[in-house]
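The sequence shown begins at 10 in this note's numbering and counts up one residue at a time.
Think of the CB as a built atom: it goes at the ideal place given N, C-alpha and C, for glycine as much as any other residue.
Here the structure is a predicted model, which means the values were calculated and not measured.
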Amino acid sequence: MDRLIIRGQKRLKGEVTVSGAKNAAVGVLPAALLLSDCCTIENVPDILDISILKRIMESLGAKFENIDANTIKIDTRNANSYMATTEDMHKLRGSYYLMGALLGRFKKAVATFPGGCNFGVRPIDQHIKGFESLGAKVEIEHGHIKLTAHKLVGASIYLDVVSVGATINIMLAAVRAEGLTTIENAAKEPHIVDIANFLNACGADIKGAGTDIIRIRGVRELKGNVVHSIIPDQIEAGTFMIAAAATRGDVLVKNVIPKHMESLTAKLIEMNVKVEEFDDSIHINAKDKLSKVNIKTLPYPGFPTDLQPPAAVLLLRAEGISTITEGIFDNRFQYIEELRRMGAKIRVEGRMAVIEGGSKLSGAPIKAVDLRAGAACVIAGLIAEGETEIYNVDYIDRGYEKMVEKFRLLGAEIRRIIDSKED
Ligand code: EPU
């Protein structure tokens with residue numbers, strides 16, 4: 010099994026370019042099923058989740074042509090299956106968007122329950138409530154979710170919890186429903202706006218994406234031949250910003266929308282990191298001592314839960330005791346056990362991690378327990394004394410394009426061991 014070897018305590022220095030957003034791309038690709046036509050998507054991250062999603066969509070009859078490493082042409086004219094039931098469905102969370110897209114296109118869908126990182130219970134009741142409100146009958150049979158509708162009719166849907174997945178899934182189905190759908194208490198993440206922009210470019214009528222009320226007026230059909238570029242990955246950008254700060258580095262993070270980074274930027278400034286924003290890049294300079302801060306993760310525009318594990322590593326470098334409160338998921342502190350193997354002084358009290366800064370980390374064999382936990386392990390390895398060995402690298406590959414190469418370009422001593430070969 011692949012692993013990463015990191016020799017730590019090198020200050021990161023230089024420039025890094027952020028890839029397209031995973032969580033936008035995993036929505037835009039299924040959205041292409043609503044067109045029954047061709048479209049071209051640029052800035053698609055070359056990551057494992059996208060390869061798996063393409064494979065699932067191919068099993069439905071969609072065709073993909075790689076124009077270059079990050080540009081794909083999608084042809085969904087002959088996509089004629091509504092059965093998203095291959096075992097790949099378990100391998101990523103974003104596979105749940107096939108439910109909304111297939112329901113919108115065929116008025117029926119059969120989908121296997123999605124997989125994704127394990128943060129405790131991750132229900133999809135709000136997705137189901139949304140589909141039912143639009144007129145679908147929902148049955149659970151043999152581990153599959155079966156959706157059927159004579160027709161989809163717009164409805165007013167209030168989400169009981171702010172859910173990114175439910176907001177996007179309902180939007181996908183509602184685009185092809187009759188009449189007006191209103192999603193209230195909608196999530197506001199940048200990737201929701203990106204997916205809505207793609208659909209609107211194809212002729213959909215979605216207003217209010219990025220606010221907590223989204224109005225979707227259904228259309229009979231969507232047109233193809235649209236070229237859409239995926240927004241930069243807010244979480245990858247944040248991972249590099251945090252890594253730069255944690256290594257006391259001096260890094261220009263390029264291909265960023267600074268507005269999307271505001272909650273992190275504010276915390277870094279509070280910690281005494283110099284952050285300079287440009288049109289599409291952010292410069293991080295962390296020469297000074299870092300101060301403790303308290304962080305609470307919240308839906309956008311709050312501090313993203315996906316940056317919680319990397320932020321915990323950064324706080325190990327701050328003076329004094331900091332806290333992180335997880336406001337989204339029940340159980341997203343499993344990686345802390347791994348950090349403790351490196352000497353991290355962190356205790357978990359319910360949904361709060363109490364982080365004692367200032368103590369040294371020492372390299373150790375550790376494992377990535379999920380995607381962003383994997384990013385946290387890498388940053389821990391970058392600041393630790395000696396060698397850190399990270400197992401379960403597949404998790405990192407799910408969401409970070411060329412992470413090893415990017416850190417190497419910033420001066421990190423990091424390498425990947427593949428079946429006893431090195432890359
Ligand atoms: N929730 C419900 N019922 C639902 C849906 C969600 O109770 O029907 C709860 C969840 O249990 C959670 C909260 O609502 O407590 C928010 O969950 P949300 O639906 O927003 O999360 P998600 O759609 O499962 C997406 C991202 C995650 C990211 C979260 C929060 C994708 C594919 N996944 O998950 O990304 O952490 O939003 O921002 O977009 C990652 O990229 O590493 C990742 C985990």
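- Item | Buried versus exposed, by CB contacts within 10 Å (16 or more), Glu74 | The residue is exposed, with fewer than 16 neighbouring Cβ atoms inside 10 Å.
- Task: Sort His237, Tyr404, Ile333, Ile177 by Cα distance to Leu316 and report the nearest one.
- Result: Here the closest residue by C-alpha is Ile333.
- Query: Is the CB-CB distance between Ala254 and Leu323 below 8 Å?
  - Reply: Cβ distance < 8 Å, so Ala254 and Leu323 count as in contact.
- Item | Residue ranges of each alpha helix (DSSP H) within the segment 234–264, 4 or longer | Complete alpha helix (DSSP H) runs here, min 4: 243–255.
- Would the segment 93–113 and the segment 34–51 be scored as touching if the rule is three or more Cβ pairs under 8 Å? Three or more Cβ pairs closer than 8 Å define a contact, and the segment 93–113 meets that threshold against the segment 34–51.
- In the DSSP assignment, what residue or residues form a beta bridge with Ser300? BP columns for Ser300 point to Glu328.
- Message: I need the straight-line Cα distance from Phe115 to Ser290, nearest angstrom please.
- Response: Distance from the CA of Phe115 to the CA of Ser290, rounded to the nearest whole angstrom, comes to 42 Å.
- Mind listing, in chain order, the continuous alpha helix (DSSP H) runs of no fewer than 4 residues lying wholly within the segment 37–95? The qualifying runs are 57–68.
- Close beta carbons around Glu198, own chain, < 6 Å, minus the five adjacent residues each side: Excluding residues within five positions, the ones whose Cβ falls inside 6 Å are Val173, Tyr309.
- Mark Phe312 as exposed unless 16 or more other C-beta atoms lie within 10 angstroms of its C-beta, in which case mark it buried. Label assigned to Phe312: buried.
- Can you give me the Cβ contacts of Glu6 inside the same chain, cut-off strictly under 6 Å, excluding the 5 residues immediately before and after it? This structure does not reach residue 6, given that the chain is present from 10 up to 432, and the question cannot be answered.
- Task: With DSSP as the reference, please indicate the residues paired to Tyr409 in a beta bridge.
- Result: In DSSP, Tyr409 forms no bridge with anything.
- Would Phe140 be called buried (16 or more neighbouring beta carbons within 10 Å of its own) or exposed? Result: buried.
- Task: Sort Ser90, Ile177, Arg229 by Cα distance to Ile137 and report the nearest one.
- Result: Check the Cα spacing between Ile137 and each of Ser90, Ile177, Arg229: the tightest is with Ile177.
- Message: Just to check my reading of the structure: Gly352 and Ser371 have Cβ atoms closer than 8 Å, yes? What is that Cβ distance to the nearest angstrom?
- Response: Sure, about 5 Å apart at Cβ, within 8 Å.
- C-alpha distance - Ala196 paired with Leu419, whole-angstrom precision: Taking the straight line from one Cα to the other gives about 34 Å.
- Task: Please state if the CB of Thr314 and the CB of Arg341 are separated by a distance shorter than 8 Å.
- Result: The Cβ atoms of Arg341 and Thr314 lie closer than 8 Å to each other.
- Item | Those runs of the beta strand (DSSP E) which lie wholly inside the segment 344–399 and span at least 3 residues | Segments of the beta strand (DSSP E) lying fully in the segment 344–399: 354–358, 361–365, 374–376.
- Item | Host beta strand (DSSP E) of Ile177 (start-end) | It is not in any beta strand (DSSP E) - Ile177 instead sits in the alpha helix (DSSP H) that spans 173–183.
- Query: Can Asp315 be considered in contact with the ligand EPU, in the sense that its beta carbon sits closer than 7 Å to one or more heavy atoms?
  - Reply: Flag set: Cβ of Asp315 near the ligand EPU.
- Message: Three or more C-beta pairs under 8 Å: does that hold for the segment 12–30 against the segment 89–103?
- Response: Taking one beta carbon from each stretch, the segment 12–30 and the segment 89–103 have fewer than 3 pairs nearer than 8 Å; the two do not touch.
- Item | Among Ile215, Cys48, Ala30, nearest to Val235 - alpha-carbon criterion | Its Cα nearest to that of Val235, the residue Cys48 stands out among Ile215, Cys48, Ala30.
- Is it true that the segment 226–235 meets the segment 199–215, where meeting means three or more beta-carbon pairs spaced less than 8 Å apart? Cβ pair count under 8 Å is three or more, so yes.
- Can you tell me whether Val413 is buried or exposed, with buried defined as 16 or more other CB within 10 angstroms of its CB? With 16 or more other Cβ atoms within 10 Å, it is buried.
- Query: Any chance the segment 14–21 sits against the segment 387–400, with 3 or more Cβ pairs inside 8 Å?
  - Reply: Yes: at least three Cβ pairs fall under 8 Å.
- Same chain, Cβ closer than 7 Å to Ala373, neighbours up to 5 away in sequence not counted: Here the set comprises Arg350, Met351, Thr397.
- Query: For Arg131, which three-state DSSP category applies?
  - Reply: Residue state, collapsed to three classes: coil.
- Message: Give me, in chain order, the residues of the same chain whose beta-carbon lies closer than 8 Å to that of Lys296; leave out the 5 immediate sequence neighbours on both sides.
- Response: Excluding residues within five positions, the ones whose Cβ falls inside 8 Å are Arg257, Asp259, Lys283.
- Query: What are the boundary residues of the beta strand (DSSP E) that includes Ser272?
  - Reply: Unbroken run through Ser272 is the alpha helix (DSSP H), 271–279; no beta strand (DSSP E).
- Tell me whether Cys126 counts as near the ligand EPU, meaning its Cβ is closer than 7 Å to at least one heavy atom of that ligand. For the ligand EPU, at least one heavy atom lies less than 7 Å from the Cβ of Cys126.
- Message: If contacts are defined as beta-carbon pairs under 8 Å, then Val402 and Arg12 qualify, I think. What distance do you get, rounded to the angstrom?
- Response: The pair is a contact, with the Cβ atoms about 6 Å apart (cut-off 8 Å).
- Query: Where Leu307 and Arg425 are concerned, what is the direct C-alpha to C-alpha distance, given to the nearest angstrom?
  - Reply: C-alpha separation (whole angstroms): 34 Å.
- Can Leu112 be considered in contact with the ligand EPU, in the sense that its beta carbon sits closer than 7 Å to one or more heavy atoms? Relative to the ligand EPU, the beta carbon of Leu112 is positioned no closer than 7 Å to any heavy atom.
- Message: Counting only beta-carbon separations shorter than 8 Å, does Arg114 have a partner in chain D?
- Response: Chain labels in this structure do not include chain D; a single protein chain is all it has.
- In terms of alpha-carbon separation, which member of Val228, Ser238, Thr190 lies closest to Gly217? Of Val228, Ser238, Thr190, the residue nearest in Cα terms is Thr190.
- Task: Note down the Cα distance separating Lys146 from Val171, rounded to an integer number of angstroms.
- Result: Distance between the alpha carbons of Lys146 and Val171: 23 Å.
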